[in-house]
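Residue numbers (this note's numbering), protein chains in the order written: chain A, 1 to 394; chain B, 395 to 788. Below is one structure, written out as structure tokens; comments come after it.
And the structure:
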């Protein structure tokens, strides 16, 4: 990687950010061409909080009709996607509206693409670029996945529990409503897991072999420092609107790729985490809290100065010019300490996995989901290397 | 300003970034609906460099016809805009393509809006929101103004030399081609003026009374640090592609407002600089190099800790906990030293203005262009205050 690579960047999502913005959902659906909507959501929290009712009233006020499909689970499943596609076709839906977090949005994206595709929607999750979909809108309730501004969707197919991603510009939402108030009811553990997910999206981009990427390095570092500053505030006071707001906007910037362009990205840690979720059903962000520091320890020697740069610039560790590795290590320990301080786990056991799961997880990380025996780009890891990384999590 | 304000953010421009991207101009014009194009540009440099020919060949290859209008000047004028509108109507142009820097782009935006408006295009520059325009594309040759990703345009009306801005989502380019190679022929002075303009766009957003804006603060600080890192490299070696690339992407992020959302912004320095340009015809960025440090000195006491934060985080000045003002001052001196090191001026005299111009400039800054006697939001400055700031530039 000699230096900054050619790229294209296209992020046409309309973001409406702030208090009470969900009252305009109907207006935005109309603006972006919707007249018959599928409202897609997860469990009861959006019902209990009254959010779903507010969204419906907003659609009613614009004379927009709708059908509903709830029941999206974390790690959203293909079965519900097939149901949604059938419903959209039967009801002649022309707009898919997700109300919830990353799972509801990713499931909505799959439905939006599948409805207008004559083949099996799963084709898109086996590598076919998504070039067409119904327009999508989102009312976000969790700052974490970044799906509200990304062209990506991850779905798990029940047969074989294959977890795969699709991507394509057609999957960028037409609009996303980001009201930080809606995240204030999240329990601290889920809030912390969301923050960890946001930081992981930044770190997957940070660890790169591409040289001379100071501009995107600095933006990533800035967003990481913002998370370090805001996280303790929101853990101490879940109703801290300002901290919620800073985290929510950072979550979008962390994953719409404005800070990942022109540089190789890694993504091994996400693969390694997926296997833990599959075994233990842990929250994705909590899994990443265990995986990322272990991955950083294992790969540190690949480029000690990059790790030291992160430690010094983001974690404020003094640069040890005689021993940069000491600085790199101090940064990893600072990250671990931070994650612990916001209530995140540090070991496989805390996630509900054990040493016995490692052989299966390591194999599946490298060969499952169409893998060719390797994960990661910053450092290419084979099954043996992934095994060692899992062992660091014991 | 209690904290982060509600906002909307919509940046649908398609960016094609990197070496040789201008060869795809025709493809992008077609993708965004153009079949008959006005190519709008400035002086001879885009002709001499062969860029204009490459762009035309790219349009030819797609079977797209075009007419041309060159002659855009720095501080683009209304006269050429009227010519462009007439030409577009006569030739039934459906797409306006700017090839050049901020001036060519701003002029193209005015023409694109004026062509489809039955009234006088100048209405938009007197406050009417721009809700309609022909689609616009850009092939950028200078990293500075950020107009390639912004919804803004600034035009000078010859009668009375009124310099005013229009804004509206219709003015966001449909696509912008950012090839850092195209900026390599820029002389060092213009390169440095462009970098100063980018930093000024960041600082106009940084100085705010809005509390709790850590996420956007950190992104702004990161982009400033990136400029400080890359500027000396590109001044030392104009052909440093990687430095040019980092600066070019930062120039877009600095002004598409992803780091300015939800916070009050200042913009006094831009107003104060406009008057110097009007008197001396200096480069906008060079004028800002003189204005901004003087403005920072004058306003420092409004919020010493904000100035100290900038000094410490961006310029690396040690925090003087016993005397934060000393840190704030050290930051301003570091900024001045940096600007001098890249060849920017430090006084009005170097720009071609003098003490005798101050009364006129101060009055015009506050009352010209429809002003009500004040400039700025961070600190509201009247004519007397602006006079004092000009005196600091002597």
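Cβ atoms here follow ideal geometry from the backbone N, Cα and C, with glycine treated the same way.
With a threshold of 9 Å between beta-carbons, can residue i be considered close to chain A, or not?
i              : result
residue 516(B) : no
residue 398(B) : yes
residue 760(B) : no
residue 452(B) : no
residue 721(B) : no
residue 491(B) : no
residue 616(B) : yes
residue 623(B) : yes
residue 636(B) : yes
residue 429(B) : no
residue 612(B) : yes
residue 539(B) : no
residue 408(B) : yes
residue 643(B) : yes
residue 415(B) : yes
Does any C-beta atom of chain B lie closer than 9 Å to the C-beta of residue i?
i              : result
residue 186(A) : no
residue 41(A)  : no
residue 7(A)   : yes
residue 200(A) : no
residue 215(A) : yes
residue 11(A)  : yes
residue 260(A) : no
residue 308(A) : no
residue 236(A) : no
residue 226(A) : yes
residue 17(A)  : yes
residue 253(A) : yes
residue 245(A) : yes
residue 212(A) : yes
Going by the CB atoms, is the gap between residue j and residue i shorter than 9 Å?
i              : j              : result
residue 515(B) : residue 407(B) : no
residue 658(B) : residue 685(B) : no
residue 395(A) : residue 410(B) : The first residue shown for chain A is 1 and the last is 394, placing residue 395(A) beyond what the model contains.
residue 725(B) : residue 702(B) : yes
residue 191(A) : residue 154(A) : no
residue 136(A) : residue 162(A) : no
residue 134(A) : residue 151(A) : no
residue 614(B) : residue 596(B) : yes
residue 587(B) : residue 538(B) : yes
residue 103(A) : residue 157(A) : no
residue 488(B) : residue 414(B) : no
residue 200(A) : residue 223(A) : no
residue 257(A) : residue 11(A)  : yes
residue 252(A) : residue 180(A) : no
residue 206(A) : residue 306(A) : yes
residue 373(A) : residue 212(A) : no
residue 49(A)  : residue 182(A) : yes
residue 733(B) : residue 590(B) : yes
From the DSSP secondary-structure annotation, give me the bridge partner or partners of residue i.
i              : result
residue 50(A)  : DSSP, once it has assigned bridges, lists no residue as partnering residue 50(A).
residue 10(A)  : 408(B)
residue 40(A)  : 69(A), 98(A)
residue 612(B) : Residue 612(B) is not bridged to any residue.
residue 769(B) : 775(B)
residue 471(B) : 550(B)
Do you know whose CA, among the options, lies nearest residue i's CA?
i              : options                        : result
residue 266(A) : 295(A), 286(A), 253(A)         : 295(A)
residue 772(B) : 694(B), 782(B), 760(B), 729(B) : 694(B)
residue 106(A) : 347(A), 129(A), 53(A), 166(A)  : 166(A)
residue 85(A)  : 237(A), 115(A), 255(A)         : 115(A)
residue 22(A)  : 240(A), 99(A), 63(A), 335(A)   : 99(A)
residue 345(A) : 313(A), 287(A), 372(A)         : 287(A)
residue 18(A)  : 387(A), 360(A), 178(A)         : 178(A)
residue 313(A) : 74(A), 159(A), 328(A), 390(A)  : 328(A)
residue 24(A)  : 388(A), 149(A), 54(A), 89(A)   : 54(A)
residue 185(A) : 343(A), 352(A), 47(A)          : 47(A)
residue 323(A) : 304(A), 218(A), 113(A), 393(A) : 304(A)
residue 269(A) : 211(A), 101(A), 50(A), 289(A)  : 289(A)
residue 653(B) : 608(B), 692(B), 675(B), 687(B) : 608(B)
Would you check whether the ligand FMN has a heavy atom nearer than 8 Å to the C-beta of residue i?
i              : result
residue 327(A) : Ligands displayed in this structure: none; no statement on the ligand FMN is therefore possible.
Inset, instruction - Could you pull out every unbroken alpha helix (DSSP H) segment of at least 4 residues lying fully inside the stretch 128-211 of chain A, listed in chain order? - result: 188-206
Legend entry - Complete beta strand (DSSP E) runs within the stretch 267-346 of chain A (minimum length 3 residues, chain order): none
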